[in-house]
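Residue numbers (UniProt numbering): 1 to 137. Each residue gets a CB set at the ideal place from its N, CA and C atoms; glycine is no exception.
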């Protein structure tokens, strides 16, 4: 089966897009070549994001924020997290925005809610690709 290049993008690549990368690598590794990136630099992945993903069995301890210039120039899927960011154009076959609120600065419970929403969206994305609902060449 062909692997599709997917990138999850938000402003800092420090929370939601990192969670999406972690889930997609775990839940869609047979189908997806996974990347995440941000449009601005940031010093670290949010420690609470790493902690709640660890609770769910996803190790993000080696993750670090990346920029769009760190990922492939051509993607099959581009998923933005809902940060009202206008991304520079990244060639892709399909894109969508997930409209997720950033839990940064909130309590750990907010991170858990985001983690679970991201997992559900990644599972849905994988199912939609497999079913052919998302048209990819």
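Under 7 Å between C-beta atoms of residue i and residue j
i, j, result
"residue 9", "residue 114", "no"
"residue 7", "residue 75", "yes"
"residue 98", "residue 121", "yes"
"residue 45", "residue 17", "no"
"residue 151", "residue 24", "Outside the displayed span of the chain (1 to 137) sits residue 151, for which this structure offers no information."
Residue from the options whose Cα sits closest to the Cα of residue i
i, options, result
"residue 106", "55, 47, 127, 123", "47"
"residue 71", "131, 25, 37", "37"
"residue 77", "134, 13, 39", "134"
"residue 82", "94, 92, 102, 56", "102"
"residue 12", "43, 60, 73, 33", "43"
"residue 100", "20, 39, 94", "20"
"residue 93", "129, 41, 56", "129"
Nearest-angstrom Cβ-Cβ length linking residue i and residue j, presumed shorter than 8 Å
i, j, result
"residue 31", "residue 126", "6 Å"
"residue 27", "residue 117", "With a Cβ gap of about 14 Å, residue 27 and residue 117 do not count as contacting."
"residue 111", "residue 52", "4 Å"
With 16 other Cβ atoms within 10 Å as the buried cut-off, status of residue i
i, result
"residue 137", "exposed"
"residue 1", "exposed"
"residue 54", "exposed"
"residue 22", "buried"
"residue 64", "exposed"
"residue 108", "exposed"
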